[in-house]
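No gaps in the numbering here: position 167 of the sequence shown is 167 in full-length UniProt numbering, and each next residue is one more.
Glycine included, C-beta positions come from ideal geometry on N, C-alpha and C.
To start, the structure under review is shown below, and the notes come after it.
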Amino acid sequence: MSQTASAMTPAQTGTRARLMAAFGGSYFSSVLIGTVAVLLLLGLWEAALRFFEVPIWLAPKPSDFLARLYTDRALIAGHAFWTSLTIVEGFALGVLVAIPLALAIVSVGALERGLYPVIVFLNIMPKTVIGPILIIWFGIGPLVAALIVFLMSFFPVLVDSMSGFRLVDRRLFYISRSMGANPWQTFWKVRLPAAMPHIFSGMRIGVVKAVEGVIIAEFIASNKGLGFMIVRASAFMDMTLMFSGLVAAAIVALIFNGAMSIIGQWLMPWSRH
C-alpha cells in the first residue's frame, strides 16, 4: 500500500485526496450505518408481524411490500418518474424565485417591512386548503402539483438565502469597489459565493419539503405520481402497494437529497472539511 502511494505522482495524490474528502470516510460510514439501521428495523418489523400473525390487510410484512417493488416495478417506476418531474419543476421554480427575492428583500428595507410579512402569512396557510383553490383555478393536473411543491419549497430557500446575504462582511464590498469592481462583479465574485453555504442549506431543507409537498399534491390534485398511486391503492385496500409506494417515495427523497449534497460539494469546494 505504501509502495503504491509512493509511486503516485503529486497530481494523482492530490486528486485522490480530494475524492476521499468529498465522497469518502464519513460519507460511506454514514451510508453503512443508515443501511444497517434500516435493515434492522425491517427485520424486527418482519419478525413481530410473523410472531403475532398480523393479517396483511392490517399491516403488511416488509417481505410482502418489498416484493411488490420488483413485481410492479414498471408501474411504480412510471409514477416515480412523474413524481420526480413534478419535484424538479416546483423546486426549480421555488429556487429561481426565492434567491432573487431574498436579495431584493435584504437590499431594500421597505420590501422587508411590507412584503416579508405577507410571504410569512402565505407560508403558514395549510397547503391542503390552498390545493382545492388551485384546483378550481387550474384544474386537476401536474400544474397544480408543481405549484404546491413550489409553495412548500419556496420559504426555506428564501429565509436561508436572506440569512446568507445578510451575513456577508460589508468590508468585502469596500475592498472590491476599491479594486475597480462594478456592482455585478461584486455580487458574482463576492456576495453570492459568501452566501452560497446558507443558500444550499435552505435548498436541502426545501428539497425535502418538496418531496413532502408533492405527495400531498398528488393526493388531492393529480392523476399520476406516487401519491396518486397510493390513494388509488387505498381505495382497493391494497396495503402492499401502498407501502411499496411509501418506500419508493422515500427512495426518491434520498436521491434528491444526495443529489443536492453532491451539487453543493461541486459548486462550493471551499466548504469541504
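Identify whether residue i lies in helix, strand or coil by the three-state DSSP scheme.
i	result
Ala181	coil
Lys61	coil
Ile33	helix
Val231	helix
Pro142	helix
Asp169	coil
Val54	coil
Pro117	helix
Asn123	helix
residue 318	The chain is shown only over 1 to 273; residue 318 falls outside these bounds and no answer can be derived.
Phe81	helix
For residue i, report the span of its alpha helix (DSSP H) as first-last.
i	result
Ile255	Met239 to Leu267
Asp72	Taken as a continuous stretch (DSSP letters only), Asp72 belongs to no alpha helix (DSSP H), as it is neither H nor E.
Asn223	That residue, Asn223, is in no alpha helix (DSSP H); it is neither H nor E in DSSP.
Glu112	Gly109 to Gly114
Grab me the residues of residue i's own chain with a C-beta within less than 8 Å of its C-beta, minus the 5 sequence neighbours each way, in chain order.
i	result
Asn257	Arg204, Val207 and Val208
Met1	Its pLDDT being 43, under 50, Met1 is placed unreliably by the model, and the measurement read from it follows with that caveat. Counting only Cβ-Cβ distances below 8 Å, and skipping sequence neighbours, we find nothing.
Val247	Phe65, Leu66 and Leu69
Which residue from the options puts its Cα closest to that of residue i?
i	options	result
Ser244	Glu53, Ile76 and Leu42	Ile76
Ala146	Leu44, Asp64 and Gly90	Gly90
Leu66	Ala221, Gln265, Ala249 and Thr240	Thr240
Lys224	Glu53, Leu49, His79 and Ala181	His79
Leu134	Val120, Phe155, Leu151 and Ser163	Leu151
Pro100	Pro126, Leu49, Phe121 and Phe187	Phe187
Ile262	Gly114, Phe200 and Leu226	Phe200
Trp266	Ala253, Ala210 and Met196	Met196
Phe121	Phe173, Ala110 and Phe155	Phe155
residue 287	Pro126, Lys61 and Ala248	The chain is shown from 1 up to 273; residue 287 falls before or after that span and cannot be answered.
Leu85	Ala235, Phe219 and Val214	Val214
Phe81	Ala221, Val211, Gly264 and Ser29	Val211
Met162	Ile255, Ile87, Val97 and Leu254	Val97
Identify, in the order they occur along the chain, each residue of the same chain with its Cβ nearer than 7 Å to the Cβ of residue i, setting aside the five sequence neighbours on each side.
i	result
Arg191	Phe165 and Val168
Met237	Trp57
Val159	Gly202
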